[in-house]
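Student: Sequences listed follow chains V and B, in order.
Residue numbers for the first sequence follow my numbering, beginning at 1 and rising by one.
Residue numbers for the second sequence follow my numbering, beginning at 245 and rising by one.
Even for Gly, the Cβ is constructed at its ideal location relative to N, Cα and C.
All values derive from a computational prediction rather than experimental measurement.
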Amino acid sequence: MSLPPSNPDQFDFDRLTVSGASRVYGRRRALSRVSVSLHAGELVGLLGPNGAGKSTFLGLLSTLIAPSAGTVQYGERNAQTGGSALRRQIGFLSHELQLYPELTASENLCFFSRLYGLSDTESRVSVALSRARLDDRSHDLVLGFSRGMRQRLAVERALLHEPRLVLLDEPFTGLDERSCLELRERLFVLKESRRIVVIATHDLDLIEGLVDRTVTLSGGRLIDLADSGDSVRVRYREAIRRAQ
Amino acid sequence: MSEFFRIAWLVMQKDIRVESRSRELVYTTAFFATSCVLVFSIAFVRGGRPIDEAEAGIVWVALAYTGQLALSRTFERELSHDALRGLLLAPVERSSVFVGKLLGIVMLMVVVEVVVVFFVSLFFSGTLFKHVFWFSALMASGTIGFAAVGALFAAMLARTQSRTVLLPVLLYPVTVPILIAGVSGTVALIQPEPNLDLARFWLALTIFFDVVFLTLTLWTFEPLMTE
Chain V
1 MSLPPSNPDQ
11 FDFDRLTVSG
21 ASRVYGRRRA
31 LSRVSVSLHA
41 GELVGLLGPN
51 GAGKSTFLGL
61 LSTLIAPSAG
71 TVQYGERNAQ
81 TGGSALRRQI
91 GFLSHELQLY
101 PELTASENLC
111 FFSRLYGLSD
121 TESRVSVALS
131 RARLDDRSHD
141 LVLGFSRGMR
151 QRLAVERALL
161 HEPRLVLLDE
171 PFTGLDERSC
181 LELRERLFVL
191 KESRRIVVIA
201 THDLDLIEGL
211 VDRTVTLSGG
221 RLIDLADSGD
231 SVRVRYREAI
241 RRAQ
Chain B
245 MSEFFRIAWL
255 VMQKDIRVES
265 RSRELVYTTA
275 FFATSCVLVF
285 SIAFVRGGRP
295 IDEAEAGIVW
305 VALAYTGQLA
315 LSRTFERELS
325 HDALRGLLLA
335 PVERSSVFVG
345 KLLGIVMLMV
355 VVEVVVVFFV
365 SLFFSGTLFK
375 HVFWFSALMA
385 SGTIGFAAVG
395 ALFAAMLART
405 QSRTVLLPVL
415 LYPVTVPILI
425 AGVSGTVALI
435 QPEPNLDLAR
445 FWLALTIFFD
455 VVFLTLTLWT
465 FEPLMTE
C-alpha cells in the first residue's frame, strides 16, 4: 500500500548541518559545541549514556529547543526562517509517545493528520493502523493499550506526514521481537526513500547493521567511535571509557 | 485566516472529546464550585435573608478558583504524555493551537459557571437574573480575559516543577482588574435600582482587558513556547 504524495508546495532539504551547537540550562551545559552533518538517505544512531545530552540534541534538531550558541541549518534555512514549512518535514517520536490516552487509536491518528493538513486522512489513517497491526483495535482507547501497542501507534503518528527528518527516541522500547523486526524493515525503507533518520537508543544490538554511522555524546560533547571493525557495542564501550 | 480557526477548532474539539471521556475536570471544578457556593450560602445568609450583593462576590470567586483548577490541569494533561510537544511541532501557527486550548478552557468554565449561577440563584435571592443579557455579557468577557491570561501562564509553567504554586502567584495579580470589574459590574446589576450605565462601564472595561490580554498572549505564545 502506498501513501498519496505530500503537498508539493512544501519546503524540503537534503542536508542538516549542526555547527558548534551548545545548549545551557542555568549553569548546566547539556550540549557543548556539537558539530555534525546529516544527509538524506542516512540512518544515524545517536548513542550515549544517560544524561549525555541525546534528548536535548533531538530537541534541537526538532526545532523545539533553540541552541544557546551555534546553528542548526536545514538545507538553506534554520528553525526561524523555516517556520511551519520546516516543521512539516520533521517527524519526532519522543520517549513519552505524544498520544492522547483518552482518544482511540484512530482518533489520535485522525487528529494529527488533520493538524498537519494532510489529504486523504481516512486512507492514511487506515494504512497507518494496518502497519501498526492495530486495525482491529482502531476504535479502542489508547488507555487500554500495552506499551508495545502504544509504541507502534506512536511510530505511525510520527511518520504519518512522511517527514524528511525522522527523529526517533528509543523507538524499540516495549516492542516484541516481531515488532522490532518490522520497525527495522520500516527504517530501511525510510532510508531508501532518502529520509534523514536519527535513532537515539541504548539498544546497541538492535542498531547493529541498521545504522550507517553513529553520533556519540558523552557529557554533552561529541566523541568519536574508533573505526576498528568491531561491533558497535565494543567500539561504544571503548569510546565511553576513553571519554571518562 | 480560515486555516487559523480550523486548527483552533480542531484543538478545541480534541480537548472537549478528551474531557468528555475522562470527565475529570468538569467533575472536579463543578464539585469545587458547588462546595464554594454552599459554604458561602451558610456564611452569608442570616435568618433566611442573604447579605446584600454577596452573590456578585461568590460568583466571581467561584469563577476564579475553578478557572485556576481547570487551567493547571488542562496543560498538565498535555504534558503528561509530552503531547504539548506534538502540538508545537505541527506545521501550524502556534497561536492557533493556543486559541484552541483557550476555547476548550472557556467552554469548560462556562459549563461550571452555569452550575454556579444556578446554585447561587437557588440559595440567594435570584437577583442575578434581573438583567440576564448584561450579566451574561459580563461573565463571558470576564471568563475570556481570565482564561486568556491563565492559559498563557499555564502553558509557560507546564514544564516547571513548581507550576501548581507559581500559577496562582502569577495569575491572580494580573487578573485582579478583570475580577474587580466583573464584581463591580455584577453589583451594579443586582441593586434594587440597577445602574445599567455603571454596569456597561465595567463591561467595557472587561472587554478592554480582554483585548489587551488576548493581544499580548497571542503575541507572546510562540516565543514563550520555544525552550
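Which chain V residues sit within Cβ distance under 8 Å of Glu337(B)?
Tutor: What Glu337(B) touches in chain V: Ser84.
Student: Thinking Arg157(V) and Phe188(V) are a contact (beta carbons under 8 Å), I'd like their distance in whole angstroms, please.
Tutor: So it is not a contact: roughly 20 Å between Cβ atoms.
Student: On the CB-based measure, 16 or more other CB atoms within 10 Å of its CB, does Ser94(V) come out buried or exposed?
Tutor: Counting Cβ neighbours within 10 Å, Ser94(V) comes out buried, since at least 16 surround it.
Student: Can you tell me whether DSSP reads Arg221(V) as helix, strand or coil?
Tutor: It is a strand residue.
Student: Closest by CA to Gln151(V), which one among Leu99(V), Pro67(V), Asp224(V)?
Tutor: Answer by Cα proximity: Leu99(V).
Student: I need the DSSP call for Ala30(V), collapsed to helix, strand or coil.
Tutor: If DSSP states are grouped into helix, strand and coil, Ala30(V) belongs with the strands.
Student: Reducing DSSP to helix, strand and coil, say where Gly20(V) ends up.
Tutor: Note: Gly20(V) maps to strand in three-state DSSP.
Student: Can you find a C-beta in chain V that's less than 8 Å from the C-beta of Lys258(B)?
Tutor: By this cut-off, Lys258(B) is an interface position.
Student: Between the beta-carbon of Ala392(B) and the beta-carbon of Phe457(B), is there less than 8 Å?
Tutor: Cβ distance < 8 Å, so Ala392(B) and Phe457(B) count as in contact.
Student: If we cut at 8 Å on Cβ distances, does Leu333(B) have a partner in chain V?
Tutor: It does; some Cβ of chain V falls within 8 Å.
Student: Considering Cα atoms alone, identify which of Asp136(V), Val197(V), Gly117(V) is closest to Arg250(B).
Tutor: Among Asp136(V), Val197(V), Gly117(V), the Cα nearest to that of Arg250(B) is on Gly117(V).
Student: So which of Arg235(V), Ala154(V), Pro49(V), Phe92(V) has the shortest CA-CA distance to Leu134(V)?
Tutor: With distances taken between Cα atoms, Leu134(V) lies closest to Ala154(V).
Student: Can you tell which of Asp259(B), Leu269(B), Val289(B), Pro335(B) has its C-alpha closest to the C-alpha of Ser365(B)?
Tutor: Nearest option by C-alpha distance: Val289(B).
Student: So what's Arg250(B) in DSSP terms, helix, strand or just coil?
Tutor: Arg250(B) falls in the helix class under three-state DSSP.
Student: Roughly how many whole angstroms lie between the Cα atoms of Ser126(V) and Thr419(B)?
Tutor: Between Ser126(V) and Thr419(B), the C-alpha separation is close to 46 Å.
Student: Is it right to say Arg195(V) is buried, meaning 16 or more other beta carbons lie within 10 angstroms of its own, or is it exposed?
Tutor: Classification for Arg195(V): buried.
Student: Measuring CB atoms only, is the stretch 395-410 of chain B touching the stretch 314-326 of chain B, in the sense that at least three cross pairs come out at less than 8 Å?
Tutor: At 8 Å Cβ cutoff, the stretches touch.
Student: According to DSSP, is Arg157(V) part of a helix, a strand, or is it coil?
Tutor: Three-state result, Arg157(V): helix.
Student: Mapping DSSP to helix, strand and coil, what is Pro5(V)?
Tutor: In this prediction, Pro5(V) scores a pLDDT of 44, lower than 50, which makes its location untrustworthy; the coordinate-derived value is nonetheless stated afterwards. Pro5(V) falls in the coil class under three-state DSSP.
Student: Counting only the same chain and skipping the five closest in sequence on each side, list residues whose C-beta sits under 7 Å from that of Thr278(B).
Tutor: The residues are Val359, Phe363.
Student: Apply the 10 Å Cβ neighbour rule to Pro163(V) and answer buried if 16 or more other Cβ atoms are within range, or exposed otherwise.
Tutor: By the neighbour-count rule (16 or more Cβ atoms within 10 Å), Pro163(V) is buried.
Student: Can you have a look at Arg235(V) and say buried or exposed, based on whether 16 or more other CB atoms are within 10 angstroms of its CB?
Tutor: It is buried - the Cβ of Arg235(V) has at least 16 other Cβ atoms within 10 Å.
Student: What in chain B is Cβ-close to Glu96(V), meaning under 7 Å?
Tutor: Under the 7 Å cutoff, chain B gives His325, Asp326.
Student: Give every residue of the same chain whose Cβ lies closer than 6 Å to the Cβ of Phe13(V), excluding the five residues on either side of it in the sequence, and list them in chain order.
Tutor: These residues qualify, in order along the chain: Tyr74, Gly75.
Student: Would you mind stating whether Val24(V) and Val72(V) have Cβ atoms separated by less than 8 Å?
Tutor: No.
Student: Could you please tell me which residues of the stretch 60-94 of chain V, in chain order, have their CB closer than 9 Å to any CB of chain B?
Tutor: The stretch 60-94 of chain V vs chain B, Cβ under 9 Å: Ser62, Thr63, Leu64, Ile65, Ala66, Ala79, Gly83, Ser84, Ala85, Leu86, Arg87, Arg88, Gln89, Ile90, Gly91, Phe92, Ser94.
Student: Please tell me whether Phe111(V) has its Cβ less than 8 Å away from any Cβ of chain C.
Tutor: Annotation note: the requested chain C is absent from the structure, which comprises protein chains V and B.
Student: What residue range is occupied by the uninterrupted beta strand (DSSP E) comprising Val230(B)?
Tutor: Nothing about residue 230(B) can be reported from this structure: the residues present for chain B run from 245 to 471 only.
Student: How many Å lie between Leu168(V) and Ala274(B) at the Cα?
Tutor: Their backbone Cα atoms lie some 41 Å apart in a straight line.
Student: Quick one: using the 10 Å Cβ neighbour count with 16 as the cut-off for buried, is Glu357(B) buried or exposed?
Tutor: Result: buried.
Student: If we ignore side chains and look at the alpha-carbon of each, how far apart do Glu238(V) and Met256(B) end up?
Tutor: Cα to Cα, Glu238(V) sits roughly 51 Å from Met256(B).
Student: Look at the Cβ atom of Val361(B), then the Cβ atom of Leu352(B), and state whether they are nearer than 8 Å.
Tutor: Cβ distance not < 8 Å, so Val361(B) and Leu352(B) don't count as in contact.
Student: Given that Ile251(B) touches chain V, what residues does it touch there, using C-beta distances under 8 Å?
Tutor: The contacting residues are Leu115.
Student: Ends of the beta strand (DSSP E) at Leu134(V)?
Tutor: Unbroken run through Leu134(V): none, as it is neither H nor E.
Student: Kindly confirm or deny that the stretch 45-55 of chain V and the stretch 215-223 of chain V touch, where touching means at least three C-beta pairs closer than 8 Å.
Tutor: Result yes; three or more Cβ-Cβ pairs closer than 8 Å.
Student: Could you give the distance in angstroms between the alpha-carbon of Leu254(B) and the alpha-carbon of Val232(V)?
Tutor: One C-alpha to the other measures close to 45 Å.
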